[in-house]
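Since the structure comes first, as structure tokens, the remarks are kept for the end.
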């Protein structure tokens, strides 16, 4: 089914507006009802314009609603400090809905197109997901087509032939194909510029305007239920690529905050001095912490937006690289950046998986007043054991026997939760197990820390990285045993998720998101340098292959003959390139000659009409377009005006759209018009 021009414009225009709305909808940063308002207005507009009838709100009502929407959108920014980009995005959606529901003139259509552009810009500030790239490319393909249709509609709408907008589809698919091809060429050129143009990172400058859902981070305090809440959140927390995955085949602990002070209910980090790490060069920070140098693990972490300043990693950090202005460490091994990572952050860590050898502080043995039964219980479990390692294992074994893991241990009220867990319910989640174990270790004289972070994670085979979710949040214990801080996890193991088709699909999608962020959003100057080196090495290998004499493969001694001449690979490649170039040039020339011939026939027909009009004193000026010429002389044409208007439209169609049969139709129309003009006496004088 071929649509007339008006319906072509309606479909293309509403698709462009819908792309802008869709871009904001996929950010998940705007309220659903704003998206519903925008789509509802566009849907009503499309139905009304398609039928060329229907009710639309008045311009005065639309303006009043816009003013109210502006106030509602700015109020959260001014009163609560809400992100301005989100408020702007929501206001743009309301404007789109109102513009769609109102009666539209040319300027209203243009405003809708401008709104879709600003919606795309707002979406770019609120999301870094790959779906935005798809919508962006769709916008690039649609926008030129829509603007061309808009200009044609505005131009023809003011002529006597405006009724043809509802009757003919004089815009051919070839026009859209040409525009799409031009857009693709420009897009590819932009990609080339993106790859080779030097990158300059904005760093934290973008943080106040960055979108993305900020995850609940790890504060300097952990109490009953804090990690359990995260365990029920399936959002992605971080993705980690390592150089030696085999080193992490067993237990994987992504260390966040080490807490050394216990008040009887909660664990927190006691305020202590943070020492900035040495900074030998920009973006590189080195730690002087003492740890075993083997085995070493290189990690690249992509951390989702957090509301804390914690930096996560596995092992003991020796070096960290990232776009941080400062990284600090305290005596318990906590790493902190200068401000919370409120944007998605990428950094690299060189870490030792060996134990950290830092002397314990007095705080790591301190205990508040406890139920004496807890002290007696701990000491009874290590009775007769002299070595710290044996006592730590004994207490670990006790907690792994007869205790049950659950995310719903029940509310303890005013009762001491630790006493209730150890002596009554024997049911709890990782915080209860870690807290009880750390307290029992201190009760028998072993320094201990409660550590919060993430444990485990899923291996993504499509992207070759570990995917760690909020549900992997965990608490465990570090104890100072045999001169080093060693990791102990008293929490019973939980059965891993069963792999299935749904998980495989989720892994594939997440791998795509990972690559999008890593190689597009976070494409750096270092990546450009690596790409340039890879390209150079690949070209060198190609040249070496081309320069290799084929006789080497067949000579008995494997040596190249002295008179080998030009390598056959290079000759074959040169002949292939020459043949393809000649074929492309010849085909292009044939198409150009064919088009030139068709154009010359069309032009000759139109010139015959101009000559006949000139004999009546109606000469076309050099700077006039055919349509401008017709509008100027139409009052002097009398009964011939309709014929000249038709010939002008046919000339446009045959000259610029290449519609099949249009040149023959034009030639017949010119013959009739010239004959009709010749049958009358020439006009005395034209305009």
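Numbering (the working numbering), first residue to last: 4 to 690. Note that the Cβ used here is the ideal one computed from N, Cα and C, for glycine as well.
C-alpha gap between residue i and residue j, whole angstroms
i, j, result
"residue 507", "residue 516", "14 Å"
"residue 672", "residue 646", "8 Å"
"residue 430", "residue 268", "16 Å"
"residue 204", "residue 537", "Note that residue 204 scores a pLDDT of 48, beneath 50, so its modelled location is shaky; the value from the coordinates is reported in the next line. C-alpha separation (whole angstroms): 22 Å."
"residue 472", "residue 239", "4 Å"
"residue 118", "residue 177", "28 Å"
"residue 366", "residue 273", "8 Å"
"residue 244", "residue 256", "14 Å"
"residue 37", "residue 348", "30 Å"
"residue 391", "residue 519", "49 Å"
"residue 446", "residue 136", "57 Å"
"residue 425", "residue 378", "11 Å"
"residue 121", "residue 192", "23 Å"
"residue 188", "residue 587", "18 Å"
"residue 419", "residue 435", "12 Å"
"residue 35", "residue 409", "35 Å"
"residue 147", "residue 14", "14 Å"
"residue 258", "residue 548", "49 Å"
"residue 59", "residue 52", "10 Å"
"residue 33", "residue 512", "23 Å"
"residue 335", "residue 270", "14 Å"
"residue 208", "residue 380", "Residue confidence for residue 208 is low, a pLDDT of 35 falling below 50, so the modelled location carries little weight; the figure read from the coordinates is stated next. Cα-Cα distance, rounded: 54 Å."
"residue 107", "residue 63", "13 Å"
"residue 61", "residue 94", "20 Å"
"residue 150", "residue 179", "11 Å"
"residue 561", "residue 545", "Note on residue 561: pLDDT 47, under 50, position unreliable in the model; the coordinate value appears next. Those two C-alpha atoms are separated by around 21 Å."
"residue 144", "residue 432", "53 Å"
"residue 417", "residue 505", "44 Å"
"residue 220", "residue 48", "The predicted model places residue 220 with a pLDDT of 46, which falls under 50 and marks its position as unreliable; any figure quoted below should be read in that light. Cα to Cα, residue 220 sits roughly 45 Å from residue 48."
"residue 134", "residue 535", "28 Å"
"residue 39", "residue 46", "10 Å"
Local Cβ density within 10 Å of residue i, reported as buried at 16 or more and exposed below that
i, result
"residue 681", "exposed"
"residue 298", "exposed"
"residue 558", "Since pLDDT at residue 558 reaches only 49, below the 50 mark, its modelled position is unreliable, and no value is offered."
"residue 278", "exposed"
"residue 450", "buried"
"residue 580", "exposed"
"residue 19", "buried"
"residue 710", "There is no way to answer for residue 710, as the model of the chain reaches only from 4 to 690."
"residue 628", "exposed"
"residue 600", "Low confidence applies to residue 600: its pLDDT is 47, below 50, so where it sits in the model is not reliable, and the reading given next is rough at best. Label assigned to residue 600: exposed."
"residue 469", "buried"
"residue 337", "buried"
"residue 386", "exposed"
"residue 307", "buried"
"residue 677", "buried"
"residue 475", "buried"
Close Cβ partners of residue i (< 8 Å) along its chain, the five nearest in sequence each way excluded
i, result
"residue 138", "22, 25, 26, 29, 123, 126"
"residue 65", "101, 102, 104, 105"
Cβ-based neighbour list, residue i, same chain, cut-off 7 Å, excluding 5 preceding and 5 following
i, result
"residue 250", "298, 300, 356"
"residue 283", "289"
"residue 112", "16, 153"
"residue 605", "654, 657, 658, 666, 669"
"residue 328", "341"
"residue 91", "125"
"residue 405", "429"
Own chain, CB closer than 6 Å to residue i, minus 5 neighbours either side, in chain order
i, result
"residue 623", "613, 632"
"residue 50", "none"
"residue 667", "none"
"residue 693", "This structure cannot speak to residue 693, because the chain is shown only from 4 to 690."
"residue 510", "463, 465"
"residue 1", "The requested residue 1 is not part of the displayed model; the chain covers only 4 to 690."
"residue 156", "12"
"residue 384", "397, 398, 401"
Below-9 Å beta-carbon distance, residue i vs any chain B residue
i, result
"residue 187", "The displayed structure is made up of one protein chain only, and chain B is not part of it."
8 Å contact criterion, which residue i and residue j should meet: CB distance rounded
i, j, result
"residue 254", "residue 359", "Incorrect: roughly 16 Å between the Cβ atoms, too far for contact."
"residue 541", "residue 493", "Contact doesn't hold; Cβ gap of about 52 Å is too wide."
"residue 241", "residue 305", "6 Å"
"residue 302", "residue 351", "7 Å"
"residue 260", "residue 313", "6 Å"
Check: residue i C-beta below 8 Å from any heavy atom of the ligand MG
i, result
"residue 652", "Looking at this structure, you won't find the ligand MG or any other ligand, since it has none at all."
Taking contact to mean 3 or more Cβ pairs, one atom from each stretch, closer than 8 Å, check whether the region 57 to 72 and the region 88 to 106 are in contact.
yes
Is it true that the region 340 to 359 meets the region 371 to 379, where meeting means three or more beta-carbon pairs spaced less than 8 Å apart?
no
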